[in-house]
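The opening residue of the sequence shown carries number 0 in numbering that gives the first Met the number 0; numbering runs sequentially from there.
Presented below is the structure to which this report refers.
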Amino acid sequence: MDDELVTPGGIVIPAGAMTWRFSRGTGPGGQGVNTTDSRVELVVDLAALVISREVADRVRDTLGDSLRIVVSTERSQLRNRESALRRLAERLDAAARPRRHRTPTRRTAGSVRRRLEAKRLRSQLKAKRREPGEDAS
């Protein structure tokens, strides 16, 4: 676990960029939870990642300068560490993926017609509430 981590997307995370902290967790484990440091907190300095400038900018825009992952779902510290590394890889790969370009769509003629009809009916309803002879201005 002291080596660098390579995500499925090819992002390399040096061991020096990862800071681990352990504490007593909550969750499964009974009374053993009170004596075992099974909760894992992983903080990663995203500036230390080995990635291209373009991907680094996308990751920084999405996640900020550092990423903090906390796991306390398992009874064992080792499994929580593995889970934290898995989550880290998923988050980084998702942030590094380029955003899909959204192609704007045109409103259909039917939707425009329905919207205008609804506005006209609403206007007529409000006009009926006015007192006779009231100004429309």
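Quick reminder that beta carbons are idealized off the backbone N, C-alpha and C, glycines included.
Pair within 8 angstroms by beta-carbon distance, residue i and residue j
i: V43; j: L84; result: no
i: L91; j: V49; result: no
i: D60; j: L45; result: no
i: S14; j: L62; result: Sequence inspection shows Ala at residue 14; the Ser mentioned does not correspond to that position. No. Outside cutoff.
For residue i: DSSP bridge partner residues
i: E40; result: R20 and V69
i: V11; result: V5 and V49
Whole-Å CB distance - residue i paired with residue j, under 8 angstroms assumed
i: V111; j: V70; result: Contact flag wrong, Cβ pair sits at about 50 angstroms.
i: S22; j: D2; result: No, S22 and D2 are not in contact; Cβ-Cβ is about 24 angstroms, not under 8 angstroms.
For residue j and residue i, the rounded distance between their alpha carbons
i: R74; j: R52; result: 39 angstroms
i: R101; j: G9; result: 26 angstroms
i: I12; j: R20; result: 17 angstroms
i: S122; j: T104; result: 28 angstroms
i: V54; j: E116; result: 48 angstroms
i: K118; j: E130; result: 21 angstroms
i: M17; j: T107; result: 51 angstroms
i: G132; j: R99; result: 56 angstroms
i: R96; j: T34; result: 41 angstroms
i: T72; j: A47; result: 28 angstroms
i: I68; j: Q30; result: 25 angstroms
i: G24; j: E89; result: 23 angstroms
i: Q76; j: P7; result: 23 angstroms
i: L4; j: G109; result: 54 angstroms
i: N79; j: R114; result: 53 angstroms
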